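2 protein chains.
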Amino acid sequence: MKTFFRVEKIADDCKARAGFLKLNGIEIPTPVFMPVGTYGTVKAMLPSSLYELDYKLILGNTYHLYLRPGLDVIKHFEGLHNFINWKNCILTDSGGYQVFSLQSFRKLSEEGVEFSSHIDGSKHFFTPESVVQHQRVLGSDIMMILDDCVEYPADYGRVEESVERTYNWAVRSLKEFANSEPLWGRKQFIFGIVQGGTFPDLRRRSLGGLLSLQFDGYAIGGLSVGEPEEKMYEITSLCTDLLPIDKPRYLMGVGTPQNILECIELGVDMFDCVLPTRNGRNGQIFTTRGKINIRNAKYKFSKEPIDPGLNNEISQNFTIGYLRHLFIADEILGLQLATYQNLAFYKWLVATAREKILSGLFRYWKNNLILNFKEN
Amino acid sequence: MKTFFRVEKIADDCKARAGFLKLNGIEIPTPVFMPVGTYGTVKAMLPSSLYELDYKLILGNTYHLYLRPGLDVIKHFEGLHNFINWKNCILTDSGGYQVFSLQSFRKLSEEGVEFSSHIDGSKHFFTPESVVQHQRVLGSDIMMILDDCVEYPADYGRVEESVERTYNWAVRSLKEFANSEPLWGRKQFIFGIVQGGTFPDLRRRSLGGLLSLQFDGYAIGGLSVGEPEEKMYEITSLCTDLLPIDKPRYLMGVGTPQNILECIELGVDMFDCVLPTRNGRNGQIFTTRGKINIRNAKYKFSKEPIDPGLNNEISQNFTIGYLRHLFIADEILGLQLATYQNLAFYKWLVATAREKILSGLFRYWKNNLILNFKEN
């Protein structure tokens, strides 16, 4: 456990940290961004492209994989890594967020949550215990506990209830985790999730409860759900002030390049978001020179490389004009190249942030970069 | 010109040939299969994947590229190779087939053909001369003449007319070709197209005319348009009997693995078809063990590699069960892997055919393989 996470350096002028996760022999430099691979594939990316970009940790969604292909299939294949032929690491979420955001029907109780599948309407029941067992079947390197997510805005009473329930479920999750073993020979780690919405005292209460339990890491949940950005930063900062120095901190579902840099400054180590992949498929390209709407007619004749600032074949050797053509002609290769570019950019973003933290220049670099992005 | 095409060996027991095309310094072993890259992309394939599979010659559609992105764009990028960042070779068709198959409106005259865009209905006019010039702009390594294509079935009179017109247009095409120069420093070659439908005497007449003109190679057009397979083989054989030994023969738009093998036996050197890519995207997988409908429920738990008979990462390391899941979940990676597998298979098919021709075992191997495919 000692070597699971190590902080290498904390910035002098802010809370930013550079470190390492070590999962089943694979070292993952932090801060880290995890591409989202909902159904066991990061949409439009060949696994070889993810290796090329040096992604070592991707995310899978327990809720989605439970429904399709189903855990019977994943079990037969002896875990998600085998099923999807992925040599690096996987973090799986618990399905808590999906159950609360994707479903027309859900029934919440202290025992767990009943919900209907968004695919065929069939009824299912998740408990903190079953979700740990589902993730034993998935065999992810890091699993998340089932949490009680609330929409934004929510009233104080509802958020307070979610904090209490998430704590109770955390206790049950840890117990189930302790009383069970990995199925496929991979060591598994488990993270708690802090709730509390945008209420500072409820966040503190949630933290207090979870910190009394021995999780391998802590996630900040319930942000990036519609609250103002300043609120997100305020709550993140409150959490990172109270979270232990020696455990990884994961801000779930965040976010834009600026969000990520601001939250790295606040001491967050891990991020995931559909933004680079989903927006890429919609034609929004993130580059070291700023954002591009690739369908814009002004790019029709552009011979500029997609992003000469990134050191890979696709960013350097395909042009903006060609990428625009692929989108206009509805070609799949457009989705492939856009996703590749955006994930190359996100990788560059966190890798450069890490480098700058180590060299003591993080804030200076970050402020310049954000300015650059805003002017664009 | 002497080194443009070379026959290395002709089988003793059939008309199959192994040879080489040499286009702008790139050697292309024949028989060759050309993946179709309509809009300047082989759908769902990263160019790096095409290099991996050692594809050296792909096809682009003049009609489609003329409409989107438009030749002004391609000209600005100094040719199709540059525009799509493709280091190997490109053959472009003339648009003849598309004008005759995709359009609701077309008006044929001796001068050329007027048609409406399938995208926005706008009116355009192609002549044999303009189509040569379009392909000068595209800068393809091999260009095709504009031909007068007929649907199947068509009456004798209409086919006779198409043979005459295709000959007249061939004369004009060659003249335009001789009186113009490549624009981008790549040597360009030009192929005539034999028409004549399923009428042996008209095929002979078409051949007689075209062979009096000095084309670099000859295509057999107007087949694989709905006629019985036996008819296709009969006409192909008639053509290869009369075509010169020392020039490449290209059977347009063919076909299934069996079609390709039969026509290699009949002495065809070059093929193109949307089958492996289009059917791949629809979930039909070609493997060395036969065809697979990947959506079939029986594959849900299959741990078999997609195709252990092919020597590449994707065919060997991803399973049938995972590929099925990707299709069921409508994941883009499914289209990517299926296309990759099918093109790996088609490459294997023609490369192995070539090897067997050289070793004198072509017919034996071919008959076994076709039997195997039928039993499957």
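Residue numbers (this note's numbering), protein chains in the order written: chain A, 2 to 377; chain B, 2 to 377. For each residue, glycine too, the CB sits at the ideal point set by N, CA and C. Only a predicted model underlies this, so the values are computations on that prediction, with no experimental measurement involved.
In whole angstroms, what separates the C-alpha of Leu-38 (chain B) from that of Ser-360 (chain A)? Residue numbering aside, residue 38 (chain B) sits at position 37 when the second sequence is read from its first letter. Residue numbering aside, residue 360 (chain A) sits at position 359 when the first sequence is read from its first letter. Reading off the sequence shown, one finds Gly at residue 38 (chain B), where the question assumed Leu. Answer to the nearest angstrom: the Cα atoms are 47 Å apart.
At a Cβ threshold of 7 Å, is Tyr-300 (chain A) touching chain B? If you number the first sequence from 1, residue 300 (chain A) lands on position 299. No, no contact with chain B.
Is the separation between the beta-carbon of Gly-227 (chain A) and that of Tyr-153 (chain A) shorter than 7 Å? Numbered from its first residue, the first sequence carries residue 227 (chain A) at position 226. Numbered from its first residue, the first sequence carries residue 153 (chain A) at position 152. Cβ distance < 7 Å, so Gly-227 (chain A) and Tyr-153 (chain A) count as in contact.
Beta-carbon separation of Phe-192 (chain B) and Gly-218 (chain B) under 7 Å? Sequence index remark: in the second sequence, residue 192 (chain B) carries index 191 (1-based). Sequence index remark: in the second sequence, residue 218 (chain B) carries index 217 (1-based). Yes, they are a contact pair.
Given a limit of 9 Å on CB to CB distance, which residues of the region 282-314 of chain A reach chain B? Arg-282, Lys-301, Phe-302, Lys-304 and Glu-314
Buried or exposed for Gly-158 (chain B), going by 16 or more other Cβ atoms inside 10 Å? In the second sequence, the residue the question calls residue 158 (chain B) occupies position 157. It counts as exposed.
If you drop the 5 nearest sequence neighbours on each side, which residues of the same chain put their C-beta closer than 6 Å to that of Glu-9 (chain B)? Here residue 9 (chain B) refers to the residue found at position 8 of the second sequence. Contacts found: Ala-19 and Gly-20.
Please state whether DSSP places Phe-363 (chain B) in a helix, a strand or coil. Walking along the second sequence from the start, residue 363 (chain B) turns up at place 362. Looking at Phe-363 (chain B) - three-state DSSP - the assignment turns out to be helix.
Under 7 Å between C-beta atoms of Gln-104 (chain A) and Ser-117 (chain A): Position 103 of the first sequence, counted from the first residue, corresponds to residue 104 (chain A). Position 116 of the first sequence, counted from the first residue, corresponds to residue 117 (chain A). Closer than 7 Å, so yes.
Exposure label - Ser-102 (chain A); buried when at least 16 CB within 10 Å: Indexing the first sequence from 1 puts residue 102 (chain A) at position 101. Ser-102 (chain A) comes out exposed.
Would a C-beta distance cut-off of 7 Å place Leu-208 (chain B) and Leu-252 (chain B) closer than the cut-off? Start at 1 with the first residue of the second sequence, and residue 208 (chain B) comes out as number 207. Start at 1 with the first residue of the second sequence, and residue 252 (chain B) comes out as number 251. Result no, Cβ atoms of Leu-208 (chain B) and Leu-252 (chain B) do not sit closer than 7 Å.
So, under 8 Å CB-CB, Met-271 (chain A) and Thr-31 (chain A) are touching, yes? Tell me the CB distance rounded to an integer number of Å. Counting from 1 along the first sequence, the entry for residue 271 (chain A) is found at position 270. Counting from 1 along the first sequence, the entry for residue 31 (chain A) is found at position 30. Contact flag correct, Cβ pair sits at about 7 Å.
Using a cut-off of 7 Å between C-beta atoms, extract the partners of Pro-277 (chain B) located in chain A. Along the second sequence, read from residue 1 onward, the residue named residue 277 (chain B) stands at position 276. Result: empty, since nearest Cβ-Cβ is about 15 Å, beyond 7 Å.
How is the alpha helix (DSSP H) around Tyr-56 (chain A) delimited, first residue to last? Along the first sequence, one-based indexing puts residue 56 (chain A) at 55. First-last for Tyr-56 (chain A): undefined, no H or E at that position.
Please decide whether Asn-86 (chain B) counts as near chain A, where near means a Cβ-Cβ distance under 7 Å. Walking along the second sequence from the start, residue 86 (chain B) turns up at place 85. It does: the Cβ of Asn-86 (chain B) has a partner Cβ on chain A nearer than 7 Å.
Can you confirm whether Ala-17 (chain A), when its beta carbon is compared against all beta carbons of chain B, has any partner nearer than 7 Å? On the first sequence, residue 17 (chain A) is found 16 positions in, with the first residue counted as 1. It does not; no Cβ of chain B falls within 7 Å.
Ignore the nearest five residues each way along the sequence and tell me which others in Asp-13 (chain B)'s own chain have a CB closer than 7 Å to its CB. Locating residue 13 (chain B) in the second sequence gives position 12, where the first residue counts as 1. Excluding sequence neighbours, Asp-13 (chain B) sits near Gly-361.
Tell me the DSSP secondary structure of Glu-231 (chain B) in three-state form. As a working mapping, residue 231 (chain B) is identified with position 230 in the second sequence. DSSP places Glu-231 (chain B) in helix when its eight states are reduced to three.
Check distances from the C-beta atoms of the region 69-86 of chain B to those of chain A and list, in chain order, the residues that come in under 7 Å. Arg-69, Pro-70, Val-74, His-77, Phe-78, Phe-84, Ile-85 and Asn-86
Rounded C-alpha distance that separates Ala-179 (chain A) from Asn-86 (chain A): By 1-based counting over the first sequence, the position of residue 179 (chain A) is 178. By 1-based counting over the first sequence, the position of residue 86 (chain A) is 85. Each residue's alpha carbon lies about 28 Å from the other.
At a cut of 8 Å, does the region 328-348 of chain B reach the region 277-284 of chain B through at least three beta carbon pairs? yes
What I want to know is whether the C-beta of Gly-218 (chain A) ends up closer than 6 Å to one or more non-hydrogen atoms of the ligand GTP. Inclusion of the ligand GTP in the displayed structure is not the case, the ligand content being empty and no account of it being possible.
DSSP-derived helix/strand/coil call for Gly-20 (chain A): Within the first sequence, numbered from 1, the residue matching residue 20 (chain A) stands at position 19. In this structure, Gly-20 (chain A) counts as strand in the three-state DSSP scheme.
Could you tell me which residues DSSP pairs with Leu-143 (chain B) in its beta bridges? Taking the second sequence and counting its residues from 1, one reaches residue 143 (chain B) at position 142. Before going further, note that residue 143 (chain B) is Ile rather than Leu in the sequence given. BP columns for Ile-143 (chain B) point to B:Leu-92 and B:Phe-190.
Tell me whether Ile-236 (chain B) sits in a helix, a strand or coil according to DSSP, three-state version. Counting from one through the second sequence, the residue named residue 236 (chain B) turns up at place 235. Helix, per DSSP.
Buried or exposed for Gly-335 (chain B), please, with buried defined as at least 16 other CB atoms from any protein chain shown within 10 angstroms of its CB. As a working note, residue 335 (chain B) is residue 334 in the second sequence. Classification for Gly-335 (chain B): buried.
Sorted by chain position, which residues of the same chain lie with C-beta nearer than 6 Å to Ser-163 (chain A)'s C-beta, five sequence neighbours on each side aside? Numbered from its first residue, the first sequence carries residue 163 (chain A) at position 162. Asp-149, Val-151 and Gln-196, listed in sequence order.
Grab the span of the beta strand (DSSP E) containing Ile-221 (chain B) for me, first residue to last. One-based indexing of the second sequence puts residue 221 (chain B) at position 220. Here the beta strand (DSSP E) through Ile-221 (chain B) covers 218-221.
Please report how far the alpha carbon of Asp-94 (chain A) lies from the alpha carbon of Met-35 (chain A), in whole angstroms. Looking up residue 94 (chain A) in the first sequence gives position 93. Looking up residue 35 (chain A) in the first sequence gives position 34. The straight-line gap from Cα to Cα measures roughly 12 Å.
Could you work out which residue in A:Val-133, A:His-125, A:Asn-25 and A:Leu-262 is closest to Ala-352 (chain A) when comparing CA atoms only? By one-based count along the first sequence, residue 352 (chain A) stands at place 351. Here the closest residue by C-alpha is A:Leu-262.
For my contact list, Gly-222 (chain B) and Ile-246 (chain B) are in at a C-beta cut-off of 8 Å; report their separation, rounded to the angstrom. Within the second sequence, residue 222 (chain B) is the residue found at index 221, counting from 1. Within the second sequence, residue 246 (chain B) is the residue found at index 245, counting from 1. The pair is not a contact, with the Cβ atoms about 21 Å apart (cut-off 8 Å).
Out of A:Ser-50, A:Arg-355 and A:Phe-287, which one is the CA nearest neighbour of Ile-11 (chain A)? Locating residue 11 (chain A) in the first sequence gives position 10, counting from the first residue. Ranking A:Ser-50, A:Arg-355 and A:Phe-287 by Cα distance to Ile-11 (chain A) puts A:Arg-355 first.
Contact set between Ala-345 (chain B) and chain A, taken where Cβ atoms lie within less than 9 Å: In the second sequence, the residue the question calls residue 345 (chain B) occupies position 344. Within chain A, no residue comes near Ala-345 (chain B); the closest Cβ sits about 14 Å away, beyond 9 Å.
Please report the distance separating the alpha-carbon of Pro-258 (chain B) from that of Tyr-347 (chain B). In the second sequence, the residue the question calls residue 258 (chain B) occupies position 257. In the second sequence, the residue the question calls residue 347 (chain B) occupies position 346. Cα-Cα distance, rounded: 7 Å.
Name the two residues that bound the continuous alpha helix (DSSP H) containing Ile-85 (chain B). Position 84 of the second sequence, counted from the start, is the residue given in the question as residue 85 (chain B). Counting along the chain, the alpha helix (DSSP H) containing Ile-85 (chain B) begins and ends at 81-85.
I want to verify the contact list: residues of chain B whose CB lies under 8 Å from the CB of Asn-62 (chain A), in sequence order. Within the first sequence, residue 62 (chain A) is the residue found at index 61, counting from 1. Neighbours of Asn-62 (chain A) on chain B: none; closest Cβ ~11 Å, over 8 Å.
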